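Asks: Have a look at the structure that comes next, please.
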Amino acid sequence: MAQKVRYPELRQGKPILLGICLFISTLPLPQNSFRGLSRNSFQANMRETGESHYNLQADRIVFAVIGDYGLAGQAEESVAELIKSWNPAFIVTTGDNNYPRGSPDTIDQNIGQYFHEFIYPYKGEFGTGASTKRFYPVLGNHDWDSNGASPYFDYFSFFSGRGYYDFVFGSIHFFMLDSDPG
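Numbering (our numbering), first residue to last: 7 to 188.
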């Protein structure tokens with residue numbers, strides 16, 4: 007059986023735009039379900055913790071979903087600027103965060119350069135990080151290509167070496183799963 011060659015253009019050093027999946031969501035929130043808090047109490051708690059600048063309105067949470075984005079350049083910069091213009095509460099990714107091979111040498115350039123203000127804890131060189139977790143990545147096949155995804159787990163230290171995790175924002179429970187079979 008022939009071996010599938012992934013992105014031969016990358017191996018030849020040719021610049022290409024990989025598929026960048028971009029999605030903005032405004033999820034409706036249940037009337038009285040902010041982990042036991044009323045909407046007003048929840049919003050007051052957000053203000054007290056310094057998180058009131060997020061795009062959290064009385065009946066929805068705005069967040070972005072991106073995937074196949076992790077290649078530094080003008081395309082990723084444009085997407086990052088667009089996302090930031092929405093002032094999302096947080097960002098989730100669907101994988102392939104660090105092209106071409108998930109290397110520790112490219113991870114901060116491919117991710118932190120554009121999204122450091124959402125990452126907690128942020129240990130890179132492109133500015134200050136977030137004071138709370140606002141960046142929730144999922145592994146992609148390219149993220150696994152370097153030493154069993156260890157650059158990913160080192161960079162996003164809150165995952166403890168697992169390819170899955172969950173988090174709760176407001177009254178919404180998110181399950182982040184790596185579906186790569188390798």
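Where is the CB? At the ideal position from N, CA and C, for every residue including glycine. Note that the coordinates shown come from a computational prediction; the quantities given were computed from them, not determined experimentally.
Please report how far the alpha carbon of Leu183 lies from the alpha carbon of Asn153, in whole angstroms.
Replies: Using only the alpha carbons, I get a separation of about 20 Å.
Asks: For Phe159, tell me which candidate among Gly135, Ile178, Lys129 and Ala136 has the shortest Cα-Cα distance.
Replies: Cα-wise, what sits closest to Phe159 is Lys129.
Asks: Can you tell me whether Ile178 is helix, strand or coil according to DSSP?
Replies: Residue state, collapsed to three classes: strand.
Asks: Report yes if the CB atom of Thr99 is closer than 9 Å to the CB atom of Pro143, and no otherwise.
Replies: Yes, Cβ-Cβ distance for Thr99 and Pro143 is below 9 Å.
Asks: At which residues does the beta strand (DSSP E) containing Glu71 begin and terminate?
Replies: Residue identity check: residue 71 is Val in the sequence provided, not Glu. Arg66 to Gly73 is the span of the beta strand (DSSP E), which, as asked, contains Val71.
Asks: Classify Asn104: buried if its beta carbon has 16 or more other beta carbons within 10 angstroms, exposed otherwise.
Replies: With 16 or more Cβ atoms within 10 Å of its Cβ, Asn104 is classed as buried.
Asks: Rounded to whole angstroms, what is the Cα-Cα separation between Gly146 and Gly167?
Replies: Distance between the alpha carbons of Gly146 and Gly167 is about 14 Å.
Asks: So which of Ala155, Phe175, Ser177 and Phe162 has the shortest CA-CA distance to Asp186?
Replies: Nearest C-alpha to Asp186: Ala155.
Asks: Can you name the residues that DSSP bridges to Tyr128?
Replies: None; Tyr128 has no bridge partner.
Asks: Name the DSSP bridge partner or partners of Ile97?
Replies: Answer by DSSP bridge pairing, in chain order: Ala70 and Phe141.
Asks: Going by DSSP, name the residue or residues bridged to Asp149.
Replies: Asp149 is not bridged to any residue.
Asks: Put Asp186 into one of helix, strand or coil per three-state DSSP.
Replies: Coil.
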